[in-house]
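Be aware that the sequence shown starts at 171, since it is given in our numbering, and climbs by one per residue.
All C-beta atoms, glycine included, are put in the ideal place defined by N, C-alpha and C.
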Amino acid sequence: MPDASPALASDARRVTVLTVLTVLAGAVDAVSFLTMGKVFCALATGNVLFLSFALAGEGDVSVARPATAIGAFVAGAALAGVALKALAERGRAWFPAGLGCEAVLLVAAGVVTLWRHSTRTAADAGQDHAVIALVALAMGVRASTALRVHVPGMPTLLTQTAIAELVNDVLKRPRTVLRGMPAQQRLARTRWTATVGGIFTGGVLGTLLLVPLGTGRALLVIAAAVLLLAAVTSALPRRAERAGEPGGG
171 MPDASPALAS DARRVTVLTV LTVLAGAVDA VSFLTMGKVF CALATGNVLF LSFALAGEGD
231 VSVARPATAI GAFVAGAALA GVALKALAER GRAWFPAGLG CEAVLLVAAG VVTLWRHSTR
291 TAADAGQDHA VIALVALAMG VRASTALRVH VPGMPTLLTQ TAIAELVNDV LKRPRTVLRG
351 MPAQQRLART RWTATVGGIF TGGVLGTLLL VPLGTGRALL VIAAAVLLLA AVTSALPRRA
411 ERAGEPGGG
């Protein structure tokens with residue numbers, strides 16, 4: 171018998187929203203890595219490695235780009251952590267607010283890119299540390315927003331753990347398909363798969379956006395998608411209240 175409990179319905183909704191955010195994170199990193207030099211604005215682990223390579227003096231990696239991305243990411247995560255906590259304590263809709271802040275920062279990065287680099291090459295645009303900082307700041311805000319949602323296996327910015335969890339789960343139950351699993355185990359495997367597949371899909375999407383649009387417009391498209399998601403999630407609690415179901419905040 172299918173489990174139609176309100177808790178699982180809420181989990182399914184959260185998984186869907188975070189899957190979309192994971193796809194958008196992959197798109198952001200495709201744009202940042204391919205057009206801003208060797209830097210990841212969302213997957214901060216890559217920047218730590220790039221910074222270590224640069225400090226060791228090996229490889230064609232600058233110190234400034236990964237250092238800027240790491241610093242901005244940390245600042246965004248810290249500021250968002252404080253702000254979202256304050257909103258939650260006041261009973262405000264902190265999740266749409268976090269997405270809205272992220273979108274505004276991505277819009278600012280897109281506008282700055284178009285303003286400064288509309289007639290320049292991608293390599294020239296990659297030297298703009300202000301654009302890198304704005305995008306990484308937005309991803310730091312995203313990190314705190316996703317962390318506060320606390321859906322296990324779906325940080326939206328990290329795939330290594332999800333890959334390891336998924337592989338180990340498949341090895342333990344190689345013949346068990348989703349339909350034959352308990353509800354919670356089925357949900358866990360779905361989360362891990364969505365995280366890995368989402369990052370991959372986002373990387374493809376971001377790369378395809380760059381071809382016709384360029385860096386600035388691609389960032390604006392991603393920002394528009396985040397804003398749309400913020401609007402949708404903002405409306406969900408009101409719908410749930412009218413239906414007599416527990417809403418998310």
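Contact test: residue i Cβ vs the ligand NAD heavy atom, cutoff 6 Å
i	result
residue 379	Questions concerning the ligand NAD fall outside what the structure shown contains, since it holds no ligand whatsoever.
Helix, strand or coil at residue i according to DSSP, with G and I counted as helix
i	result
residue 294	For residue 294, the predicted structure reports a pLDDT of 45, less than 50, and the residue's modelled location is therefore unreliable. The matter cannot be settled from this model.
residue 208	coil
residue 184	helix
residue 320	coil
Whole-angstrom distance between residue j and residue i, CA atom to CA atom
i	j	result
residue 282	residue 356	44 Å
residue 187	residue 394	15 Å
residue 426	residue 204	It is not possible to answer for residue 426, since the shown part of the chain is limited to 171 through 419.
residue 235	residue 299	7 Å
residue 360	residue 197	21 Å
residue 217	residue 239	7 Å
residue 255	residue 224	36 Å
residue 316	residue 285	31 Å
residue 404	residue 227	48 Å
residue 257	residue 267	9 Å
residue 306	residue 211	5 Å
residue 385	residue 374	15 Å
residue 314	residue 321	12 Å
residue 200	residue 376	5 Å
residue 424	residue 365	The structure shown does not extend to residue 424, since the chain is modelled only from 171 through 419, so no value can be given for it.
residue 303	residue 248	15 Å
residue 444	residue 263	No answer is possible for residue 444: it lies beyond the span of the chain, which begins at 171 and ends at 419.
residue 265	residue 392	18 Å
residue 259	residue 206	38 Å
residue 378	residue 318	31 Å
residue 402	residue 287	33 Å
residue 371	residue 202	16 Å
Cβ-based neighbour list, residue i, same chain, cut-off 8 Å, excluding 5 preceding and 5 following
i	result
residue 230	208
residue 185	321, 324, 357, 360, 361, 364
Neighbourhood of residue i by C-beta distance below 7 Å, restricted to the same chain and skipping five residues each side
i	result
residue 237	221
residue 190	399
residue 396	194, 269, 272, 273, 276
residue 251	314
Same chain, Cβ closer than 6 Å to residue i, neighbours up to 5 away in sequence not counted
i	result
residue 214	243
residue 389	276, 279, 280
residue 233	224
residue 312	272
residue 246	307, 310, 311
residue 301	279, 282, 283
Residue-chain proximity (residue i, chain D), Cβ-Cβ < 7 Å
i	result
residue 359	Checking the listed chains, one finds no chain D in this structure; it contains a single protein chain.
In the segment 369 to 396, which residue ranges form an unbroken alpha helix (DSSP H) of at least 4 residues, counting only runs that do not cross its ends?
Complete alpha helix (DSSP H) runs here, min 4: none at all.
Sequence ranges, alpha helix (DSSP H) only - wholly within the segment 214 to 272, length at least 4:
Listed in chain order, the alpha helix (DSSP H) runs fully inside the segment 214 to 272 are 214 to 226, 234 to 259, counting runs of at least 4 residues.
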